[in-house]
Amino acid sequence: MTTDAATAGRGRAEEVIRTRILDAILERRLPPGEKLTEERLAQLFGVSRTIVRQALARLAQDGIVEQHANRGTFVAAPTREGARHVLEARCIVEPEIAALVAGRCACQAGILRAHLAREDRARAAGDRATLVRLTGEFHVRLAELAGNTVFQRLLTELQALSSLAILLYARGGHESCPPEDHANIVAAIEQGDAGEAARLMHAHLGHVAADLDLAEPPDRPTDLADALGIGTTAEGEGTGARRGAASRRTDADSSRAMPTGASRREIAPGR
Ligand SMILES: [Zn+2]
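In full-length UniProt numbering, the protein residues as written are 1 to 271.
Structure below.
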């Protein structure tokens, strides 16, 4: 094998690993905080640890995984602030993408209609894993149809980070996008109405955000003494009450932060 061919082969192997990890996150089979061991991945993909390390380094650059010295690599567990930033970015970029697609030829709508049909089939079959992947892919597909590879890459990353945020902060079950939203966006694109497509996409992302509990918990103790309910002032009165309040607050925060599915055990290693 020539040096060029060997480099190309390594590049392809890296891309396969990266894509498989991204798909598993999009289907929510890999939860936030899950440990990704180089040795195990090398075994599973039949490649060297160097290739795995390079694939993981790229995912780390994109914020999809987090690497900690001496502890290893973990699927990212975005903070509430990080999740808000992801949604803010999506709210700026995605309406523009929808408008761009609406402004291009109407033939794009056929591809989107076919995608919606796949979403409907998965919904009817009760195949949740496929449905969450497809509803996420809808957004990436739009970026592809906008004909801008930078948008496409950006959306792939934003979509993976959104999936992780949904697992951590969804108020209810980890639902996918509301079904009628995508259909309405496609209808606006079919009519070539760029303004309406952008408006509907913005509203859709509002629905996604509304389903997440992204407000910072109020009055989180910033000081260890406060967190332990040990007053640093001379007055001892009220310490017990404060301790009780702090403890209740912590319990409520934990249950909100990890509603279902993503258990403490799964999340703990990444924290
Ligand atoms: Zn959506």
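In this text, a Cβ means the ideal position worked out from N, Cα and C, and glycines have one as well.
Between which two residues does the beta strand (DSSP E) harbouring residue i extend?
i     : result
Thr73 : 72-75
Answer yes or no: the CB of residue i versus the heavy atoms of ligand 1, is any distance below 7 Å?
i      : result
Phe151 : no
Asp181 : yes
Cys177 : yes
Thr156 : no
Thr79  : no
His115 : no
His139 : yes
His204 : yes
Thr135 : yes
When the Cα atoms are used, what is the spatial distance from residue i to residue j?
i           : j      : result
Val150      : His182 : 22 Å
Gly136      : Ile230 : 46 Å
Thr37       : Cys107 : 44 Å
Arg197      : Glu94  : A small correction: the amino acid at residue 197 is Ala; Arg does not occupy that position in the sequence shown. Each residue's alpha carbon lies about 10 Å from the other.
Leu44       : Arg141 : 29 Å
Arg90       : His202 : 9 Å
residue 294 : Arg20  : The structure shown does not extend to residue 294, since the chain is modelled only from 1 to 271, so the question has no answer here.
Ser247      : Pro78  : Here Ser247 scores only 40 on pLDDT, less than 50, and its place in the model should not be relied on; the value that follows carries that caveat. So the alpha carbons of these two residues sit roughly 24 Å apart.
Leu30       : Ile51  : 20 Å
Ala117      : Leu131 : 11 Å
Arg249      : Glu216 : Annotation note: pLDDT 38 at Arg249 (below 50); position unreliable, no value reported.
Val16       : Ile166 : 25 Å
Lys35       : Thr73  : 6 Å
Ala143      : Val65  : 23 Å
So if DSSP puts residue i in a beta bridge, which residue, or which two residues, is it bridged to?
i      : result
His68  : Gly72
Ala170 : Leu212
May I ask which residues mark the beginning and end of the alpha helix (DSSP H) holding residue i?
i      : result
Gln191 : Careful: Gln191 lies outside any alpha helix (DSSP H) and carries neither H nor E.
Pro95  : 80-103
Leu145 : 128-145
Arg113 : 108-125
Arg49  : 49-61
Glu34  : Run containing Glu34: none; DSSP gives neither H nor E here.
Should the stretch 120-128 be regarded as contacting the stretch 97-112, the criterion being three or more beta carbon pairs within less than 8 Å? no
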